[in-house]
Amino acid sequence: MFRVFQRHILRSVFRVQEGEGQRVLLMLLYSIAVVGGVIITGQLASRALFLSNLPESAIPFKFILPPVVLMAVSAVYTRAAGRFRSDRLIFIFYALFLVGALLFRLLLETAYRQSFGTLCALFVFFDIVSSLTILQFWTFAGEIFNPREARRLFGLISGGSTISNILFGALLASISSIVAPENLIFIVIGSLAVCMVCVHLLSRHHREALEEEGSEEENAEQAKNQKNWSTLRDAVREVLHSPLVLSMSGVLILVALASSIADYQLDLALQAHFGGDSQGIVGFLSQFRLWAGLGAGLLQFLLAGRLLERFGVVAGLLLLPAAMVLGAGAILLTGGLLLAAAVPRACDVILKYTVNDAAFNLLYLPVDAQLRAKARAILDGILKPPVVALLGLLFLWVGQSGNVTITHWAYVLLALVVIWVLLVLHAGRQYVAALSQSIRLRRLDPDQEKIDLSDESSIRVIRHFLHEEDAARVVHALSLLPGIPKIDWMADVAVLLEHADPQVRVLALKYLGAQGEAAALYAQQVHTLLHDRQEKVQAAAIESLCALGRLRVIEQMLPFLEDPSPRIRSAAVLGLIKHAGLDGILHAGEHLKALLDNPDPQGRLEGVRVLEALQVPTFYHPLIPLLADVNIEVQIG
């Protein structure tokens with residue numbers, strides 16, 4: 123009984139189907155170990171040791187070196203990815219990370235423990251480890267889950283990140299006073315071992331899929347190696363040729379600059395407040411992670427989707443700069459106290475990876491799918507790292523004067539926010555124009571990819587196209603509506619029942635029928651189409667009216683059961699059986715049998731269509747004789 127209840131909870135609440143539980147559980151454990159044990163713990167330990175043992179003039183190197191080294195390591199990783207299967211590649215790199223962490227821990231016991239070279243290398247090492255482990259995690263997840271499973275389960279798996287912030291924030295805060303920061307590296311080593319075990323268990327059960335994926339990667343890598351720098355320049359030129367993507371690149375750069383400045387301000391405040399107390403820094407940052415993680419979790423699961431649906435993409439993108447203004451204001455009011463300096467960074471952690479990233483990803487929606495893939499890679503992998511490194515050089519140059527404080531950087535942050543807001547407003551106008559163009563050219567395909575059109579801007583654009591005269595654009599707009607179930611489109615769709623194009627009328631009838639009794643208000647308008655000149659419109663009207671009226675329309679449907687057209691008879695049979703309960707079955711049952719036994723092949727084919735639409739698993743017996751039907755179309759049906 124408990125197992126049945128457990129399976130019900132997994133399916134209904136977490137949407138985990140039969141046979142997926144072990145994979146999801148291992149991926150969640152893997153996610154927690156990567157984010158909490160490797161990334162959070164490693165970054166906290168290296169940051170605390172760096173800030174507590176080096177002077178303020180060394181802080182800019184935290185921003186200069188990691189992007190430069192990451193680009194070099196990414197090039198090596200990309201070449202290795204074409205030669206090894208993903209699980210084997212993960213093992214190789216995790217083994218290297220584990221050995222590297224152990225060597226750094228041993229080095230911290232020597233006379234070099236406080237040297238600039240050791241501590242800077244330690245920070246860069248954990249920054250690279252953080253970037254590659256999360257990249258490998260999502261690459262591996264994409265290989266052991268097919269696209270349909272991924273759409274359903276990746277939201278659950280990504281919840282491991284939120285759990286990690288809370289869990290490891292609380293854990294590290296509780297042990298910060300008794301465990302030296304360098305000993306936290308042992309947690310990283312243990313977490314890497316857990317990751318390797320998870321990958322081993324997952325790859326053992328999905329070896330075939332990984333081998334197939336590996337061969338595809340090898341082919342892709344060979345093709346990739348044939349390209350040259352001119353191809354890369356062409357790709358950059360193509361991406362930046364799009365006005366929307368150009369604006370997005372500007373927004374991305376400003377977000378990176380603001381985040382780095384907020385992080386730099388927090389580093390200055392930590393060093394000023396704690397001095398050489400590395401355990402105090404770990405304790406503060408752990409508490410910071412805990413509360414920021416709780417805030418991000420509540421926002422992600424309870425508010426992010428509703429905010430975007432209610433206020434749209436632009437409002438979602440303006441939340442982070444607005445919060446940064448409050449953070450900068452807090453620093454100016456307090457003169458740069460530690461808690462005030464933590465506010466901009468907290469806003470960044472809470473809003474950047476929840477509402478801001480969700481809204482930013484929506485901006486990609488009108489961009490062509492191939493261009494979208496190029497844009498993501500170029501904006502995140504080519505444009506952003508050099509910008510952060512250049513800002514680090516600016517920190518180094520300005521810091522040498524000794525006259526620039528945390529409060530001065532707050533003014534810089536405010537100036538960036540002004541440009542940021544103007545650029546977001548401009549990108550919002552371009553988004554609406556690009557989305558309109560995509561719908562006009564019918565580029566959006568909900569059957570090929572998951573498309574989120576629930577924001578206010580998208581809804582306004584779709585509503586506009588529903589009322590256009592061009593039938594093809596209206597049909598395309600109608601095809602997008604099932605993907606936006608939380609919006610009431612019934613009034614807009616009901617107007618289309620009078621559209622000149624029969625295909626538009628059919629789709630409008632199907633949409634209203636899918637709403638059931640909620641669309642009963644439009645039953646009279648549907649009723650007028652029962653005698654439409656187009657047979658397919660009549661059939662759609664019959665099915666839709668049955669869905670809207672249920673038992674109340676049985677008497678109206680009886681004449682259609684005797685209609686000379688097999689298509690009309692089958693529509694009445696389907697509508698009554700599906701929507702009119704036992705009375706509907708009693709009236710339509712014999713007529714369904716008559717369709718299946720009909721001497722006319724078209725009648726038999728319509729009977730098959732009814733069974734297909736009903737989807738009753740046990741009612742397959744009438745189909746068995748039709749597998750040997752004299753008509754090939756009936757056999758195929």
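Numbering-wise (the numbering used here), the sequence shown opens with residue 123 and increments by one. From the three backbone atoms N, C-alpha and C, an ideal C-beta is built for every residue, glycine too.
Residue state for residue 525 is assigned as coil, using DSSP reduced to three classes. The residue among 319, 511 and 749 with its C-alpha nearest the C-alpha of residue 209 is 319. The beta carbons of residue 316 and residue 147 sit no closer together than 8 Å. For residue 223, the CB contacts under 6 Å within the same chain, skipping 5 residues up- and downstream, are 307, 310 and 311 in chain order.
In the DSSP assignment, residue 207 falls outside any alpha helix (DSSP H) and carries neither an H nor an E.
Shortest Cα-Cα distance from residue 167 to any of 634, 527, 407 and 597 involves 407. Scanning its chain for C-beta atoms nearer than 6 Å, with the 5 sequence neighbours on each side dropped, one finds around residue 298 the residues 401, 404, 405 and 408, in chain order. The alpha-carbon of residue 534 is positioned some 28 Å away from that of residue 412. The three-state secondary structure of residue 480, taken from DSSP, is helix. Counting of Cβ neighbours within 10 angstroms places residue 265 among the buried residues, the total reaching 16 or more.
DSSP, reduced to helix, strand and coil, places residue 621 outside both helices and strands of the structure shown, so it counts as coil. In terms of Cα proximity to residue 416, the closest of 605, 518 and 286 is 286.
Taking each of 729, 250, 753 and 685 in turn and checking the Cα distance to residue 743, the smallest one comes out for 729. With fewer than three CB-CB distances shorter than 8 Å, the segment 522 to 538 does not count as touching the segment 548 to 562. Residue 181 carries a coil assignment under DSSP once its states are collapsed to helix, strand and coil.
Residue range 723 to 736 is occupied by the alpha helix (DSSP H) that includes residue 735.
Inclusion of residue 731 and residue 692 in the CB contact set at 8 Å is warranted, their separation being smaller than that value. By the neighbour-count criterion, in which a residue is buried when 16 or more other Cβ atoms sit within 10 angstroms of its Cβ, residue 252 is buried. For residue 739, no alpha helix (DSSP H) run applies, since DSSP gives it neither H nor E. DSSP, reduced to helix, strand and coil, places residue 401 within a helical segment of the structure shown. By the CB criterion at 8 Å, residue 391 and residue 458 fall inside the cutoff. For residue 542, the three-state secondary structure derived from DSSP is helix. The alpha carbon of residue 428 has as its nearest neighbour, out of 481, 543 and 245, the alpha carbon of 481. Selection 187, 294, 613 and 632 evaluated against residue 162 yields 294 as nearest (Cα-Cα).
Note on geometry: alpha-carbon atoms of residue 756 and residue 682 lie some 23 Å from one another. Cα atoms of residue 432 and residue 582: separation of roughly 12 Å, rounded to the nearest angstrom. Pairing residue 267 with residue 145, the inter-Cα distance amounts to about 9 Å. C-alpha of residue 634 to C-alpha of residue 589: approximately 16 Å in a straight line.
Distance from the Cα of residue 446 is smallest, within the candidate group 532, 715, 460 and 200, for 532. For residue 705 against residue 673, the beta-carbon gap comes to about 6 Å, under 8 Å, which counts as contact. Taking 8 Å as the cut-off, the beta carbon of residue 262 is found no closer than this to the beta carbon of residue 513.
By the criterion of at least three beta-carbon pairs nearer than 8 Å, the segment 587 to 601 is in contact with the segment 619 to 634. Take residue 362, set aside five residues on each side of it, and the residues of its chain with a beta-carbon closer than 6 Å to its own are 368, in chain order. Membership of residue 251 in the alpha helix (DSSP H) is indicated by the continuous run 238 to 266. DSSP, read as helix, strand or coil, puts residue 302 in coil.
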